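Q: Have a look at this one.
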Amino acid sequence: MILSRLVVPLLSMWFFGNLYEQVVWNPQLLADPRPGSLVGVFAAGSPIYYYLPWGPLGVVLAVVTRAPRPALGCLAVSVALKVLLITQVNPVFRDPAVSREVVHGHAVLWAFGNGVVVIAVGAAILLVLRARRGPSPG
Numbered sequence: 004m005i006l007s008r009l010v011v012p013l014l015s016m017w018f019f020g021n022l023y024e025q026v027v028w029n030p031q032l033l034a035d036p037r038p039g040s041l042v043g044v045f046a047a048g049s050p051i052y053y054y055l056p057w058g059p060l061g062v063v064l065a066v067v068t069r070a071p072r073p074a075l076g077c078l079a080v081s082v083a084l085k086v087l088l089i090t091q092v093n094p095v096f097r098d099p100a101v102s103r104e105v106v107h108g109h110a111v112l113w114a115f116g117n118g119v120v121v122i123a124v125g126a127a128i129l130l131v132l133r134a135r136r137g138p139s140p141g
């Protein structure tokens, strides 16, 4: 089925978007926690373009094409964490009225949460690829 072949590339786009945030954007924010420094939700350079529609579409296709349950579990953790981070932590980065300490604390929270997302999406990709290969000769 052609849709099942799209799962890994779409999830990979989501993985690399999160990885970029983890190794480029978040360390910059930790080093210089400036309140109000995160670009607007739909502004040029916004991380939303890494996730819409690629991440959600990859997750939906993983469900529709019946990816292995462990992979779906990893994706469920990723989606839940990302929703929490985007709705609860991101607004602090856009608020120019918060202190640098608050921004730094939320950047640490983002780093740990997003690190789990990177690991979980990576694991889901590997589990989907392993399932495609079929049982190993034994």
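In terms of this note's numbering, the sequence shown opens at residue 4 and continues consecutively.
Just so it is clear, CB atoms sit at the ideal spot from N, CA and C, and this is done for glycine as well.
All values reported here derive from a predicted model rather than from experimental measurement.
Do the CB positions of V86 and V95 come within less than 9 Å of each other?
A: Mapped onto the sequence shown, residue 86 falls at position 83. Mapped onto the sequence shown, residue 95 falls at position 92. No, Cβ-Cβ distance for V86 and V95 is not below 9 Å.
Q: Using alpha carbons as the reference points, say which of L6, R8 and P30 lies closest to A114.
A: Start at 1 with the first residue of the sequence shown, and residue 114 comes out as number 111. Of the listed residues, the one whose Cα sits closest to A114 is P30.
Q: Between the Cα of W17 and the Cα atoms of N117, R37 and L32, which residue gives the shortest distance?
A: In the sequence shown, the residue the question calls residue 17 occupies position 14. Nearest C-alpha to W17: N117.
Q: Relative to the alpha-carbon of I128, which residue among G48, V62, G39 and V44 has its alpha-carbon at the smallest distance?
A: Reading the sequence shown from its first residue, position 125 is the one you call residue 128. Nearest of G48, V62, G39 and V44 to I128, Cα basis: V62.
Q: Classify A48 as buried or exposed, calling it buried when 16 or more other Cβ atoms lie within 10 Å of its own Cβ.
A: Start at 1 with the first residue of the sequence shown, and residue 48 comes out as number 45. At residue 48 the sequence reads Gly, which differs from the Ala that was named. By the neighbour-count rule (16 or more Cβ atoms within 10 Å), G48 is not buried but exposed.
Q: Is it buried or exposed, G43, if we count other Cβ atoms within 10 angstroms and call 16 or more buried?
A: As a working mapping, residue 43 is identified with position 40 in the sequence shown. Exposed, since its Cβ has fewer than 16 Cβ neighbours within 10 Å.
Q: Decide if A110 is buried, meaning its Cβ has at least 16 other Cβ atoms within 10 Å, or exposed.
A: As a first step, residue 110 must be located in the sequence shown, where it is residue number 107. When all chains shown are included, A110 counts as buried.
Q: Does DSSP put F45 in a helix, in a strand, or in coil?
A: The residue given as residue 45 occupies position 42 in the sequence shown. Three-state result, F45: coil.
Q: At which residue ranges does the segment 24-68 contain complete alpha helix (DSSP H) runs of 4 or more residues, listed in the order of the chain?
A: As far as the segment 24-68 is concerned, its whole alpha helix (DSSP H) runs of at least 4 residues are 29-34, 51-54 and 57-67.
Q: Quick check: what's the CA-CA separation for L13 versus E24?
A: Numbered from its first residue, the sequence shown carries residue 13 at position 10. Numbered from its first residue, the sequence shown carries residue 24 at position 21. Distance between the alpha carbons of L13 and E24 is about 17 Å.
Q: For C77, collect the residues of the same chain with a Cβ closer than 8 Å to its Cβ; drop the 5 residues on either side in sequence, then sort them by chain order.
A: Here residue 77 refers to the residue found at position 74 of the sequence shown. Cβ neighbours of C77 beyond the five flanking positions: A123, V124, A126, A127 and L130.
Q: How would you call S81, buried or exposed, if buried means at least 16 neighbouring beta carbons within 10 angstroms?
A: Position 78 of the sequence shown, counted from the start, is the residue given in the question as residue 81. That one is buried.
Q: What do you get for P99, buried or exposed, if any count of 16 or more other CB atoms within 10 angstroms of its CB means buried?
A: The sequence position of residue 99 within the sequence shown is 96, counting from 1. Exposed, by the Cβ-count rule.
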